[in-house]
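Report on the structure given below.
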Amino acid sequence: MVTPTRVTLHGPELEPLNRILRKYPDHSDYFMRVQFCDEDGADLFVTPKASFDQVFHRYRDILKNGISVAGRIYQFLGFSHSSLRSHAAWFLAPFYFRGELQLYQNIIKSLIQIPAKCAARIGQAFSETPSFISLEETGIQWRNIPDVKKQDGDIQRIFSDGVGTISQDALELTWPRLLQGGSIPTCLQIRWGGVKGMLSLDTRLRGRVMCIRTESMEKFPSRDKHNLEICDAASRPLRLVLNRQMIKIMEDLGVENSFFLRLQAIELDRLRAVTTDAYNTGTFLHMQGIGLNCFLPTFIKALDKYGIDYRQDDFLRIVVESVVLRELRLLKHKARIPVSKGVTLFGIMDETGSEGG
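Structure follows, in C-alpha cells:
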C-alpha cells in the first residue's frame, strides 16, 4: 500500500488469476499488486480546500520509478478497469523466462498509439478470469459471423453488439471449470485474445464451436488465442443494486427522490437487524458471499441451535460487524442501495428472432 507518507507491505494474499499471471505461473512473486490510498487505507479523495500537488508528485514518481522491495525494483505494469476504480495497479520486477529477460516491453506489447485506448486494451489482459479452457486441448473451433444491424432512419442500430454464440457441446466443456454450486450456466462473459463480450447458448449449432462477431467483439488484434478465458457465467439472476450513476439517470427520467430515500431506509433497517439473531446474520453473510468456503454462515446458524451466541466470541462478532460496516460505507459513499424486487441480467441477443421486432 502506497500512502502520501509511506509504503507498507501486506500479504501475501490470494488474488484472482488474469491472463498475465496465468502465463507466468512459476514467477508470481515477481508481480505485485499496489494499492494507492490514504493513511488509514481508505480511498484518497480530492478536496478543493487543500493542495494535493505533493501527493500527486509522490504517486507519479512511484509510477515512473517503481518500488524497491527485498532487493527487487517493481515497476508499473498495468491495471484492469476494476482495479483502476479501486486505485490499484500491477507492478513487475524483471525476471528470466525461457532464457529471455522479461520487462514491461516484453510482457505488454501494443501497437495502439492513442494513450487512453491503449490503456483500456492493456487492461483487458488484467481482467480477472478465474476460469479458462484450452481451445486446442478441447477441440473447440471458432468462426466469424456478421453483426445483426437494422436501419433506424439515418442511424444504423447494431443489435448484436458484443454478443456471440456457443454450441451446447462446447458450453458443456466449460461447466467443470465453473463454480456455480450445481447450477448450469447458459451464458459466458469471456476474454479471448483481443475479443471481449458475451457468448450465449445456441442449440442450433452442431459440434464444438463458438461464433464470434469480430466487428463488435474484437477490440484489437492478438495472437494470444490459445485459451478461452471466462470472467463470469450466467446461471441465475443477480441482485439489482443502485449506484450514483443509475440514480442520476432515473432522476432525470422523473423518478422522485422519495423513492430512493424509501429504499435507503429499508436497507438501513435491514442492516440494523443483521445482528439481532443468528438466522439474520447467517443469511446476510451468505448473500454477501462472506466465508462460504469455510461454511461460516452455516456455522453461525449451527451455534444458535446449540444455544451458543456467536456475539460472545470476539472474532466472529468483529467479522460480522466489519461486513455490516462495509455495507454502510458503500451505502453512504456510493449510494449502493439494493432493490428487493429487482434483478440484474446479462445482456444478450435474441438469436432466433422469436421476440419479434
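Going by full-length UniProt numbering, the residue at position 139 of the sequence shown is 139; the numbering climbs one at a time, nothing skipped.
We put the beta carbon where it would ideally sit given N, CA and C, even for glycine.
Hey, could you find the ends of the alpha helix (DSSP H) Asp202 is sitting in? The sequence position of residue 202 within the sequence shown is 202, counting from 1. Under the DSSP assignment, Asp202 falls outside any alpha helix (DSSP H); it carries neither an H nor an E label.
Contacts around Ile300, its chain only, beta-carbon distance under 6 Å, and the 5 residues preceding and following it disregarded: For the purposes of this step, residue 300 is identified with residue 300 of the sequence shown, where counting begins at 1. Answer for Ile300: Ala278, Thr281, Gly282 and Tyr310, listed in chain order.
Since Pro338 sits in a beta bridge, which residues does DSSP pair it with? To locate residue 338, count along the sequence shown from 1; it is residue 338. In the DSSP output, where bridge partners are listed per residue, Pro338 has Val241.
Give the straight-line distance between the Cα atoms of Trp90 and Pro297, rounded to the nearest whole angstrom. Taking the sequence shown and counting its residues from 1, the one referred to as residue 90 is at position 90. Taking the sequence shown and counting its residues from 1, the one referred to as residue 297 is at position 297. Rounded to whole angstroms, Trp90 to Pro297 spans 33 Å at the Cα level.
Can you check whether the CB of Val324 is closer than 9 Å to the CB of Leu238? The residue you call residue 238 lines up with position 238 of the sequence shown. The residue you call residue 324 lines up with position 324 of the sequence shown. No, Cβ-Cβ distance for Leu238 and Val324 is not below 9 Å.
Leaving aside the five residues before and after Ile145 along the sequence, list all residues of the same chain whose C-beta is less than 8 Å from its C-beta, in chain order. Here residue 145 refers to the residue found at position 145 when the sequence shown is read from its first residue. Once the five neighbours on either side are set aside, the close Cβ partners of Ile145 are Gly164, Thr165, Cys211, Ile212 and Arg213.
Strictly by DSSP, which residues pair up with Glu15? Residue mapping note: residue 15 aligns to position 15 of the sequence shown, counting from 1. The partner list for Glu15 (beta bridge, DSSP) is empty, contrary to what the question assumes.
Do Val339 and Leu271 have their C-beta atoms closer together than 9 Å? In the sequence shown, counting from the first residue as 1, residue 339 sits at position 339. In the sequence shown, counting from the first residue as 1, residue 271 sits at position 271. In this structure, Leu271 does not lie closer than 9 Å to Val339 by Cβ.
Residue nearest to Thr129 in terms of C-alpha spacing, selected from Ile140, Gln141, Asp43 and Lys23: Translated into positions along the sequence shown, residue 129 becomes position 129. Closest in alpha carbon position to Thr129, among Ile140, Gln141, Asp43 and Lys23, is Lys23.
Local Cβ density within 10 Å of Ala261, reported as buried at 16 or more and exposed below that: Within the sequence shown, the letter at position 261 stands for residue 261. Strictly speaking, residue 261 in this sequence is Leu, with Ala absent from that position. Counting the other CB atoms within 10 Å of its CB gives Leu261 a total below 16, which places it among the exposed residues.
Please state the DSSP three-state secondary structure of Asn257. Residue mapping note: residue 257 aligns to position 257 of the sequence shown, counting from 1. The answer is helix: DSSP assigns Asn257 an H, G or I state.
Could you tell me the distance, in whole angstroms, from the CA atom of Glu136 to the CA atom of Ala170? The residue labelled residue 136 in the question sits at position 136 within the sequence shown. The residue labelled residue 170 in the question sits at position 170 within the sequence shown. Cα to Cα, the separation comes out at about 12 Å.
For Gln151 and Val2, I'd like the C-alpha separation in whole angstroms. Residue mapping note: residue 151 aligns to position 151 of the sequence shown, counting from 1. Residue mapping note: residue 2 aligns to position 2 of the sequence shown, counting from 1. Looking at the two C-alpha atoms, the distance is approximately 51 Å.
Between Val34, Arg19, Pro4 and Arg6, which lies nearest to Pro12 when the distance is taken from Cα to Cα? As a position in the sequence shown, residue 12 is number 12, starting the count at 1. Taking only the C-alpha atoms, the option nearest Pro12 is Val34.
DSSP three-state label for Asp152, please. Numbered from its first residue, the sequence shown carries residue 152 at position 152. Reduced to three states, the DSSP call for Asp152 is strand.
Taking the straight line between their C-alpha atoms, what separation do you get for Gly254 and Lys248? On the sequence shown, position 254 is the one that residue 254 refers to. On the sequence shown, position 248 is the one that residue 248 refers to. For Gly254 and Lys248, the gap between their C-alpha atoms comes out near 10 Å.
With burial defined as no fewer than 16 other Cβ atoms inside 10 Å of the residue's Cβ, what is the status of Glu251: buried or exposed? As a working note, residue 251 is residue 251 in the sequence shown. In this structure Glu251 is exposed. Its beta-carbon is surrounded by fewer than 16 other beta-carbon atoms within 10 angstroms.
Check whether Asn18 and Phe97 have beta carbons under 9 Å apart: Here residue 18 corresponds to residue number 18 of the sequence shown, with the count starting at 1. Here residue 97 corresponds to residue number 97 of the sequence shown, with the count starting at 1. No, these two residues do not count as a Cβ contact at 9 Å.
Just verifying my parser: in three-state terms, what is the DSSP assignment at Ala234? On the sequence shown, position 234 is the one that residue 234 refers to. Residue state for Ala234 is assigned as strand, using DSSP reduced to three classes.
Please report how far the alpha carbon of Phe195 lies from the alpha carbon of Gln189, in whole angstroms. Translated into the one-based positions of the sequence shown, residue 195 becomes position 195. Translated into the one-based positions of the sequence shown, residue 189 becomes position 189. A quick correction: the sequence has Val, not Phe, at residue 195. Separation of Val195 and Gln189 (C-alpha to C-alpha, rounded to the nearest whole angstrom) is 11 Å.
If you check the beta carbons only, do Gly78 and Ile122 fall under 9 Å apart? Reading the sequence shown from its first residue, position 78 is the one you call residue 78. Reading the sequence shown from its first residue, position 122 is the one you call residue 122. Contact: yes.
Going by DSSP, what residue range makes up the beta strand (DSSP E) through Leu292? Within the sequence shown, numbered from 1, the residue matching residue 292 stands at position 292. Where Leu292 is concerned, there is no enclosing beta strand (DSSP E), given that its DSSP letter is neither H nor E.
In whole angstroms, give me the CA-to-CA distance for Cys187 and Glu172. In the sequence shown, residue 187 corresponds to position 187, counting from 1. In the sequence shown, residue 172 corresponds to position 172, counting from 1. When rounded, the distance between both Cα atoms is 11 Å.
Which first and last residues belong to the alpha helix (DSSP H) in which Ile62 is found? Here residue 62 corresponds to residue number 62 of the sequence shown, with the count starting at 1. Annotation for Ile62: the continuous alpha helix (DSSP H) segment containing it runs Asp53 to Asn65.
Assuming Asp147 contacts Glu215 (C-beta within less than 8 Å), just tell me the rounded distance between them. Reading the sequence shown from its first residue, position 147 is the one you call residue 147. Reading the sequence shown from its first residue, position 215 is the one you call residue 215. Sure, about 5 Å apart at Cβ, within 8 Å.
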